[in-house]
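To convert, take the position in the sequence shown, counting from 1, and add 40; that gives this note's numbering. All residues carry an ideal CB built from backbone N, CA and C; glycine is no exception. Since we're looking at a predicted model, the values are computed, not measured.
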Amino acid sequence: MKKNIIEKGVFDYPLLLIVFLLVGIGLIAILSASAPYAYLRYGDHYYFLKNQLKWLMIGLALMWLASRFNYQKYQLLSIPILFLTLALLVLVLIPGVGKEIRGVHRWIILKGFTLQPSEIAKIGIVIYLSSSLVRKREKIRSFFNGFLPYFIIIGVIFLLIAVEPDLGTATIIALVAFILLYAGGVKVSHLFYALVLSLIPLYFFVFEVGYRKARIIGFLYPEKHSQGIAFQPLHLKISLGSGGLWGLGPGQGKEKLFYLPTPHTDSIFAVIGEEFGFIGTSVVVILFFLLALWGFKVFKRAPDEPGKLLALGMTCMICVQAFINMGVATVLLPTTGTTLPFISYGGSSLVINLIAIGILLSISRKGKDKDVRGGDKGKGKDRGDRT
């Protein structure tokens, strides 16, 4: 029987509730964190909030469409999605096509909308790997016919994003890809060799690029560079520490007043800590932890191997980035420039993450249908994968 492309079914309401709570916290935090700069720069306290609401409407519409789209059809679209991803990553580097801001090429302007190809790459690589790893399951444990082509594709995407430069997003994509390769049945020895080989370009991108090397030094020796390269990490500490248990109150934070360089984007977790205290940041951490748990629940209940890998990839894509951002905000990690999913200001990031949730909702619905039918016992256990 031919499978429908657009399907009906009940939403996974606990997953939706978690996401809506994160988005709601984000809107409040964006308004508070961006209002002083927005008024100074644009004469409108609500400038960034209005933009985020515009992207939220688009993201919710696309999330709904993704939730109704039969995720099994992505197996037919995975190759075109991969080529589209690569094309956009190349286009953003071409002068006159990609928008340059202070030497950074991360955006393409399309009819007034700013598109960030590296965000599309995150979801693109997950869709490609989740389909391709199942198609090639007979060859996946071979180095030359199985692992090497994936390593080359991931390496090309990593390099294209790293030279934008956006090493944070490139690293997140590589981490999520390696998780999927492991879950898909790639030999651990192959992953280990790839990791060792990857240390060479990673060393170059970190220690041979001045500002990244400075970030590492500032992270390791903050007291020596308090007015220079360690300025942001120290003020992240001050912002979080100033909030105490309950925080200073909405809008009452001081560090966002031009001490934190990017309070409404990658430093927003620190703003939440200052204004809503330990309680506020704990709520955010718990919500992401619950999102991870629910995503893995969808992964376990998925009715087929592509669905399992797709659910695992989408969950890791969101949660790995979230915990890296919070690690930077708490000065457990050096500055990376990554944003906090659903909470930080940024249209492309918000839309892509909502699409990822839509895909999870689609898989969740299929999983519930499988449970109603009594499950597919033993399916996929002879394939050498680890899902």
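Three-state secondary structure (DSSP) of residue i
i	result
residue 382	coil
residue 125	helix
residue 355	helix
residue 139	strand
residue 50	coil
residue 147	strand
residue 285	coil
residue 61	helix
residue 373	coil
residue 298	coil
residue 321	helix
residue 155	strand
residue 42	Residue placement at residue 42 is flagged as unreliable, the pLDDT there being 47, under the threshold of 50; the coordinate-derived value follows with that caveat. Three-state result, residue 42: coil.
residue 420	Model confidence at residue 420 stands at a pLDDT of 48, short of 50, so the residue's coordinates are unreliable; what they give is reported in the following sentence. Here residue 420 sits in coil by DSSP.
residue 400	helix
residue 161	helix
Sequence-distant residues of its chain with Cβ nearer than 6 Å to residue i (five each side left out)
i	result
residue 219	356
residue 185	179
residue 342	348, 351, 403, 407
residue 330	58
residue 89	70, 71
residue 369	276, 309, 310
residue 255	374, 375
residue 52	401, 404
residue 182	none
residue 83	none
residue 299	275
Proximity of residue i and residue j at Cβ, strictly below 8 Å
i	j	result
residue 96	residue 390	yes
residue 367	residue 351	no
residue 402	residue 107	yes
residue 172	residue 118	yes
residue 285	residue 317	yes
residue 353	residue 102	no
residue 131	residue 149	no
residue 288	residue 282	yes
residue 241	residue 73	no
residue 187	residue 230	yes
residue 91	residue 320	no
residue 346	residue 112	yes
residue 210	residue 198	yes
residue 174	residue 382	no
residue 65	residue 325	no
residue 202	residue 245	yes
residue 129	residue 78	no
residue 105	residue 398	yes
Cβ neighbours of residue i in the same chain (closer than 7 Å, five flanking residues each side left out)
i	result
residue 292	315
residue 360	212, 215, 216
residue 422	With a pLDDT of only 47 at residue 422, under the threshold of 50, the placement of this residue in the model should not be trusted, and no figure is reported.
residue 262	270, 273, 274
residue 54	334
residue 42	Residue placement at residue 42 is flagged as unreliable, the pLDDT there being 47, under the threshold of 50; the coordinate-derived value follows with that caveat. Answer for residue 42: no residue qualifies.
residue 371	273, 276, 277
residue 297	76
residue 121	164, 167, 168
residue 332	355, 359
Integer-rounded CB distance, given that residue j should sit under 8 Å from residue i
i	j	result
residue 310	residue 266	The pair is not a contact, with the Cβ atoms about 17 Å apart (cut-off 8 Å).
residue 99	residue 394	4 Å
residue 392	residue 376	At roughly 18 Å, the Cβ-Cβ gap does not stay under 8 Å, so residue 392 and residue 376 are not in contact.
residue 379	residue 305	5 Å
residue 207	residue 252	7 Å
Same chain, Cβ closer than 8 Å to residue i, neighbours up to 5 away in sequence not counted
i	result
residue 235	218
residue 137	131, 148
residue 93	67
residue 338	52, 55, 351, 355, 400, 403, 404, 407
residue 115	171, 174, 175, 346
Any C-beta of chain D under 8 Å from that of residue i
i	result
residue 259	Of the protein chains in this structure there is only one, and it is not chain D.
Suppose only complete runs of 4+ residues qualify. What are the alpha helix (DSSP H) ranges in the segment 181 to 246, listed by chain order?
188 to 202, 207 to 223
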